[in-house]
Every structure is written in C-alpha cells, then in structure tokens.
Amino acid sequence: MVSAAALCLAFALAGCSTLGLASTPKPDDIYDLAAPTAFDGATKRSSAQLLVPLPSASDALASEQIAVRSRGGSISYLPGVSWSDQLPPLVQTIMVRAFENSGRVKAVGKPGESLAIDDQVIVDIRAFELDVTGSPMARVTLGVKLLDERTGKVRANRVFDVTRPSASDRPKDAIAAIDQATSAAVADVVVWMASAL
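Just remember that this note's numbering sits 346 ahead of the position in the sequence shown, which is counted from 1.
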C-alpha cells in the first residue's frame, strides 16, 4: 500500500518535471528614449515655472507597445519589443527633462511636485509610430498648448510633426528613427515654448 506522503512526493516531482520542460517566453527587449540636449534658435530664458501634465493619446498609442501604421490606417505593433513605460508618462518625462536640459525656464515639473506654476504645457500625442505605408519612416506628431495657469486661457498652440527615415522596419532601426524624431520634435517644442513665454 502506498502512503499518502509517497503520493504527495510523486505529484511534487511530476510537477517539477513538467515545469522544467515548459518553455519560458523570451522577455521583451525594452527601449527608452533620450531627452534632447541641443536646442537651436533663440536663447531667451524665461522666469516661468512650468507644469507638464500627463499627455493625452489614443488608446492605440497609450501603451508600452510600439506602434506601426500600415496602409489603410491599420495599426499593429513591433513584436518582441516595448517602451520602458506607457507612452504618455514616457513623453511627459522626456518633455520635463528637455526643459531642464535647455535651461530656458526657471523650473519645470510634473503634477504633485509643489511648484508655484505659471503655465501648463498641454501635450496631445497624435502620432508616435513607424509608418510603413511607403518607405519605413518614424513619425512623431505632438499638438502642444501653452495654458496660463491663472486665467485658464490658451496663450499659444502649435502642432509639431517630425519624420525621420528608418533604415528598415526591423525593431532596432525603427526605434532609432523614432528616437531621432522624438528628440527633434521635443527640442522644437522647447524652443518655441521659451519664445512664447
């Protein structure tokens, strides 16, 4: 007669064997984006303190997945890779760091950082993708508003649309092109915003 303890041991060993044979999914390669450090144009410095709220984005873009736009407007995602964060907080962080890198405003921060805010930088992420409707191309489109914190009035607004060619539709080439487009778009936002303050 087999004891209960022996049965438990047999089941436990069988479980270990099954786990050992199961294939472990390959983890995604995770990519970050760098904030720009070079800024062309006017060198005006403002005494304003800016708040950068969480940007808005469509559900198709507001994730960690890296979007690919194909013919007919369909959106898919690059396989096996992801951003280091969901796209809206990732762009928010890049924007804050870019303003800090530029030295063109007195201070900049995110909600909850207890700054005495003069203006808000409202960002709408309209495109952030690899476009493969023709030759592979990164596209970053940001709708940006400068909102007066005291009056609630929009002081200025502009759409920034930047493209950069990608060497191929492979993930590493696509991400390098998106990184270049992002850096250029955000640098343009900083220079424009500093001149509008």
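Note that CB positions come from ideal geometry on N, CA and C, so glycine has one too.
Under the three-state reduction of DSSP, which class applies to residue i: helix, strand or coil?
{"i": "Gly455", "result": "strand"}
{"i": "Gln395", "result": "strand"}
{"i": "Val467", "result": "strand"}
{"i": "Arg417", "result": "helix"}
{"i": "Asp378", "result": "coil"}
Is residue i buried or exposed, if buried means 16 or more other CB atoms sit within 10 Å of its CB?
{"i": "Pro511", "result": "exposed"}
{"i": "Thr528", "result": "buried"}
{"i": "Ile421", "result": "exposed"}
{"i": "Ala368", "result": "Only weak support is given to the placement of Ala368: the predicted model assigns it a pLDDT of 42, under 50, and the value that follows is read from those uncertain coordinates. Ala368 is exposed by the Cβ-count criterion."}
{"i": "Glu459", "result": "exposed"}
{"i": "Asp534", "result": "buried"}
{"i": "Ile521", "result": "buried"}
{"i": "Val500", "result": "exposed"}
{"i": "Pro517", "result": "buried"}
{"i": "Pro382", "result": "buried"}
With a CB to CB cut of under 6 Å and the five nearest residues on each side skipped, what residues in its chain are close to residue i?
{"i": "Cys362", "result": "Reliability fails at Cys362, whose pLDDT of 42 lies under 50, so the model's placement of it is uncertain and the value that follows must be treated cautiously. Result list for Cys362: empty, nothing under 6 Å."}
{"i": "Val469", "result": "Pro401, Leu488 and Val490"}
Tell me which residues share the same chain as residue i and place their Cβ nearer than 7 Å to its Cβ, disregarding the 5 neighbours each side in the sequence.
{"i": "Ile376", "result": "Ser428 and Ser430"}
Looking at the strands, I want to know which residues DSSP matches up with residue i.
{"i": "Val532", "result": "According to DSSP, Val532 bridges with nothing at all."}
{"i": "Asp386", "result": "For Asp386, which the question treats as bridged, DSSP gives no partner whatsoever."}
{"i": "Lys491", "result": "Ile468 and Asn503"}
{"i": "Leu476", "result": "Val414 and Ala484"}
- Message: Could you tell me which whole alpha helix (DSSP H) segments of length 4 or greater appear in the region 422-454?
- Response: Segments of the alpha helix (DSSP H) lying fully in the region 422-454: 433-448.
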